[in-house]
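Quick mapping for you: the protein sequence lines, in order, are chains A and B. Every letter in the first sequence is one number past the one before it in our numbering, and letter 63, counting from 1, is 63. Every letter in the second sequence is one number past the one before it in our numbering, and letter 382, counting from 1, is 1382. Every residue gets a Cβ at the ideal spot worked out from N, C-alpha and C, and that includes glycine.
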Amino acid sequence: MSRVPATAEERRRVGEAVARLRTGILAIVMGLVGGTALAIATAWLTLRGGLNVGQHLGLLRFYFPGYSVTWPGVAIGFGYGVLVGVGVGLAMGTVYNRLAGWRERHR
Amino acid sequence: MTERFLAPPEAARDEAIAIVGAGPAGLTTAWELARLGRRATLYEKDRSVGGIAQTAEYKGFRFDLGGHRFFTKVGEVQGIWEEILGDDFLSRPRLSRIYYRQRFFDYPLKPLNALAGLGPVEAVRIVASYAKARLLPSREERNFEQWVSNRFGRRLFEVFFKTYTEKVWGLPCEEISADWAAQRIQNLDLGRAIAAALFGRSGGDVVTTLIHQFHYPRHGPGMMWERCAERLAVAGSPTRLEHELVRIDHRDGRVTGIAVRDGEGRVAERPVEHLICSIPLGRAAELLSPPPTAPVLAAARGLRHRDFLTVVLIVDRAELFPDNWIYVHEPAVRVGRIQNFKNWSPEMVPDPGRTALGLEYFANRGDEVWSLPDAELVALAKREIEQLGLAEAAAVSDGTVVRVPYAYPVYDPGYRERIAAVRACLDELANLQMIGRNGQHRYNNQDHSMLTGIYAARNVLEPAHDIWDVNVDDDYHEAVSAARGGDRLTPAAAGEATLAELLHAHFARFDGVALGVATAATLALLLFAATASVLLVGNGEHPGPMLSLFGHYFFGFELSWRGALVGVLEAGALGFVLGSGMAAAINALIGWVERSLQRELEAERKLDSLQGVTR
């Protein structure tokens, strides 16, 4: 690594640098997080069992047709969680990068 | 002719103005000086004027060294062309295509045409590779390969960009700067291009015009410059052909004289009041007497050029293909581009029953291709033209070779520093101006070179123009929609990342406003979608009651359209606070890490200097 200390100009440039989100990676990560979270939540309630198991979580079937708080629901919930997470990640990454780029150009 | 543009000879002021190099830049300088009532003498090393924009001739067949379309956005330049060429300034249809695997592809590249031409298997590979590039792009975009692959996918890069670019520049694509790709291929994206093809979005009038036609002198670009030189001679500004500059004398910050060697080897000294040069920038520094410092000389000698040679084949066929030129992406042959001069202007050939092709081989002076004897080059070109299926070797009745040194300035690592060093030295000489492509070591187009000449001429009367500003921030007009893969601009080399760039990449701060807005938009959209879907199809059991619980947090939120809008606003506000707060927290953490690293680096530096003292 260069041992030359950064100049004032370099320090200024680094200070002004604006990070970008890698939209694809963000979408994949949020998809995995979303899918895993819903799968774990479903599995946990299914394991606990009992009367009216997952009566609140089960309401998600309104948004996710075929979903239920059952073992098959774990896999289905994972799939839907991934879909929503990917969508959220793509939307966030795209909006952020566009806006950050625009603001940087008009700074 | 001269009445409007050139001052009559008797009115011209005698002043020792020397212009070295009679290409577009030098001749335009003399033209503008004549218009301003000044005479000049031009010195040209070659036997003909025009520089790289000259038109060579072989047995009545005229050919261009590289292909020079005449297009400009500079009114003064257009005016000079029209004034000199008059009715001989033709408007010509343009067709240029890419040749790859025995097939032609549209140029500028049209993705649907490319996908169709490559066949279904290759098309699937290209689309898959494009999808991968969009989802998982290369984080680094330092070189040409990364830049193009991120936008087109790796497969399309390999097919349509890699081979030709490497043929032209003689450098692997990973060593060519991404800046160059961005300059050359801006605004073209596979997704957008497919959308444009499907939905018929137009690229705009200027671009359409550029793609379909261009201006060209009836007998090639040399006609323009030969005629210009003739008129200048009449106006009292002669061109001395076969006169090479061999020394630039200077004293007290001014050029005092030059020495030129004529075709017979005689060296003559000439006093000058103004010297305007389009010879290679480094060469000018080398010719200084007294010579510059060793570092300046080293910098001057380090400025490199890419060269090329044209093998002209005379083919006994009236028609071969309709293109003006073809980019050869085929990796199996060495030829990079093929010109069909008859399609540039029918009067480039003396016999309509025959065709002259120019096969262009990009090379470096002294390399294997450059050093091949002419006969072998003609034989190679005949073999390759047949291999490509564009003409039978047996139909080639004759051929010749023209070598073009100093064709393209090379932007290799450190070239900026070298130019700065040479410029700093030459700028000390108040009456010396460097113009044109090679004089500035910049890949100027013909019109930009001419503009440097116009400014240089005006500076003789009153130094008011910075010649080095020409073309710096000017987008090349064809780059708007054309992926040209090395046609006009020269690539900069991709260097190693500097420490500042690495820090820039790794310690960049998040934009709090942007992350706030992104989070706000996402949260608001999710809440609105959840509420609206219940309102729209809320029969039977639905999560409405659960959703209503958000009312505890979002004041005024309820399961109604009005409530949904209120929820959107409040969820948006919450999202903004969350997002910008998250950015602030991340930035604080990044700042802390960066400061720690800087402290470590500085401690290391101090340690190094201590070790240096004790060693």
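Taking the C-beta atoms as reference points, B:E1428 is found no nearer than 8 angstroms to B:G1302. For B:S1533, a Cβ of chain A is located within less than 8 angstroms of the residue's own Cβ.
Interface with chain A (8 angstroms Cβ-Cβ cutoff): B:R1509 is included.
Per the C-alpha coordinates, the member of B:W1468, B:D1351, B:L1085 positioned closest to B:Y1058 is B:D1351. Using beta-carbon distances, B:M1546 counts as an interface residue toward chain A, with a partner under 8 angstroms. Against A:A19, the close residues of chain B are A1508, R1509, F1510, in the order they occur along the chain (beta-carbon pairs closer than 7 angstroms).
Residue contact check for A:V88 against chain B: a CB pair falls below 8 angstroms. In this structure, B:G1021 sits away from B:S1289, with a CB-CB distance that is not shorter than 8 angstroms. Residues of the segment 1512–1532 of chain B whose Cβ lies closer than 8 angstroms to any Cβ of chain A, in chain order: V1513, A1514, L1515, V1517, A1518, T1519, A1521, T1522, L1525, L1526, A1530. Residue-level contact check: A:Y63 touches chain B, since one or more beta carbons of chain B fall below 8 angstroms from its beta carbon. Judged by beta-carbon spacing, B:N1113 lies beyond the 8 angstroms limit of B:A1133, meaning their Cβ atoms are not closer than that value. The distance from the Cβ of B:A1407 to that of B:F1308 is about 5 angstroms, consistent with a contact at the 8 angstroms cut-off.
For the set B:A1235, B:F1070, B:K1342, B:E1076, the Cα lying nearest the Cα of B:Q1213 is the one of B:F1070. Just so you know, the alpha carbons of B:G1389 and B:R1354 end up roughly 18 angstroms apart.
For A:G24, the closest Cβ of chain B is nearer than 8 angstroms.
B:N1340 counts as buried, since at least 16 other C-beta atoms from the protein chains shown sit within 10 angstroms of its C-beta. The residues T1072, V1074, V1077, in chain order, have a CB closer than 7 angstroms to that of B:D1447 in the same chain once the five nearest residues on each side in sequence are set aside.
Beta-bridge annotation (DSSP): B:L1357 is paired with B:L1313, B:N1340.
Only exposed fits A:N52, as fewer than 16 other CB atoms lie within 10 angstroms of its CB. Taking 8 angstroms as the cut-off between beta carbons, none of the residues of the segment 1395–1416 of chain B comes near chain A. At least one C-beta of chain A is nearer than 8 angstroms to the C-beta of B:R1139. By the Cβ neighbour-count rule, B:R1599 is exposed, with fewer than 16 other Cβ atoms within 10 Å of its own. Taking the Cβ atoms as the reference, B:V1127 lies roughly 49 angstroms from B:A1300, outside the contact range of under 8 angstroms.
Interface annotation, A:Y67: not in contact with chain B, CB-CB separation never under 8 angstroms. Around the beta carbon of B:R1442, 16 or more other beta carbons lie within 10 angstroms, which makes this residue buried.
For B:Q1146, no beta strand (DSSP E) segment is defined; the enclosing uninterrupted segment is the alpha helix (DSSP H) at 1144–1152.
When secondary structure is reduced to three states using DSSP, B:T1055 falls in the strand class. Distance check between B:D1087 and each of B:A1123, B:M1224, B:S1096, B:E1141 places B:M1224 closest, using alpha-carbon atoms only.
Residues of the segment 1127–1154 of chain B with a Cβ closer than 8 angstroms to any Cβ of chain A, in chain order: R1134, L1135, L1136, P1137, R1139. Spatial neighbours of B:E1140 in its own chain (CB-CB distance under 8 angstroms, excluding positions within 5 residues in sequence) are listed in chain order as Q1146. Counting only Cβ-Cβ distances below 7 angstroms, A:Y96 has contacts in chain B at A1514, L1515, A1518, in chain order. The C-beta of A:L99 comes closer than 8 angstroms to at least one C-beta of chain B.
Using a Cβ-Cβ cut-off of 8 angstroms, A:A91 is close to A1518, A1521, T1522, L1525 of chain B, given in chain order. Taken atom to atom, the span from the alpha-carbon of B:A1508 to that of B:A1356 is near 56 angstroms.
At a cut-off of 8 angstroms between beta carbons, B:P1543 contacts chain A.
Taking a beta-carbon distance threshold of 8 angstroms, A:H56 counts as an interface residue toward chain B.
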